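A.B. asks: Okay, handing you the structure first.
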Amino acid sequence: MKIGPDGKPEIREFGNVKKSRFGPEVTEKRDPLIDIIETDREVQIVAELPGVDKENIKLHGTEHKLTISVDAAQHKYFKEIELPAEINVKKAKTKYKNGVLEVKLPKTAEENGSEGEPINIE
Numbered sequence: 683m684k685i686g687p688d689g690k691p692e693i694r695e696f697g698n699v700k701k702s703r704f705g706p707e708v709t710e711k712r713d714p715l716i717d718i719i720e721t722d723r724e725v726q727i728v729a730e731l732p733g734v735d736k737e738n739i740k741l742h743g744t745e746h747k748l749t750i751s752v753d754a755a756q757h758k759y760f761k762e763i764e765l766p767a768e769i770n771v772k773k774a775k776t777k778y779k780n781g782v783l784e785v786k787l788p789k790t791a792e793e794n795g796s797e798g799e800p801i802n803i804e
């Protein structure tokens with residue numbers, strides 16, 4: 683849970699049960715818990731992906747969006763994150779240790795309309 687811009691708490695969903703018009707919907711892929719930390723120079727994403735091997739994590743980024751997906755035999759995660767600022771995907775830095783993925787995305791003022799870039803995990 684975090685506080686939104688209006689000062690009210692925002693409750694984030696976790697897991698694989700989503701709300702829909704027709705009641706709860708269970709999906710095969712889970713939403714990982716994430717935190718978004720924005721500074722003057724970068725946007726940092728911290729995602730909890732317990733039980734996942736680094737090789738099974740796929741990251742894809744555009745100037746305004748980051749997608750995290752895991753499609754392993756025992757663990758499936760998917761999260762598409764709207765970023766609070768325009769970022770430079772080519773200069774992304776990542777780290778994965780003990781089930782925690784950290785992605786540091788430097789902010790940019792460039793607008794080049796790219797289709798996005800895959801991001802390698804160190």
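Sequential numbering of the sequence shown, starting at 683, is according to my numbering.
Glycine included, every Cβ here is placed at the ideal spot set by N, Cα and C.
The structure presented is a predicted model; accordingly, all values stated were derived computationally and were not measured.
DSSP three-state label for V734, please.
C.D. replies: Residue state, collapsed to three classes: coil.
A.B. asks: Output the distance between the C-alpha atoms of K736 and Y778, rounded to the nearest integer angstrom.
C.D. replies: Their Cα atoms are separated by approximately 7 angstroms.
A.B. asks: In the DSSP output, which residue or residues are listed as bridge partners for Q726?
C.D. replies: DSSP lists I719 and K786 as partners of Q726.
A.B. asks: Does the Cβ-Cβ distance between A774 and K789 come in under 8 angstroms?
C.D. replies: Cβ atoms of A774 and K789: not closer than 8 angstroms.
A.B. asks: Tell me the rounded alpha-carbon separation between N780 and P732.
C.D. replies: Using only the alpha carbons, I get a separation of about 7 angstroms.
A.B. asks: Could you check whether E784 and V728 sit closer than 8 angstroms to each other, using their CB atoms as the reference points?
C.D. replies: Closer than 8 angstroms, so yes.
A.B. asks: Starting from the C-beta of V725, find all residues in its chain whose C-beta is less than 7 angstroms away, skip the five residues before and the five after it, and write them out in chain order.
C.D. replies: Hits under 7 angstroms: I718, L765, P766, A767, I769, L787 and K789.
A.B. asks: Which residues in the same chain as I803 place their Cβ atom closer than 7 angstroms to its Cβ, once the five residues preceding and following it in sequence are excluded?
C.D. replies: The answer, listed in chain order, is K736, I739, L741, T776 and Y778.
A.B. asks: Can you grab the Cα-Cα spacing for the pair P687 / E720, in whole Å?
C.D. replies: Going by the C-alpha atoms only, they are around 14 angstroms apart.
A.B. asks: Give me the Cα-Cα distance between G743 and K761, rounded to the nearest whole angstrom.
C.D. replies: So the alpha carbons of these two residues sit roughly 12 angstroms apart.
A.B. asks: Taking the beta carbon of G689 as the centre, do at least 16 other beta carbons fall within 10 Å, making it buried, or is it exposed?
C.D. replies: When all chains shown are included, G689 counts as exposed.
A.B. asks: Taking just the CA atoms, how far does H746 sit from E799?
C.D. replies: In a straight line, the C-alpha of E799 is about 12 angstroms away from that of H746.
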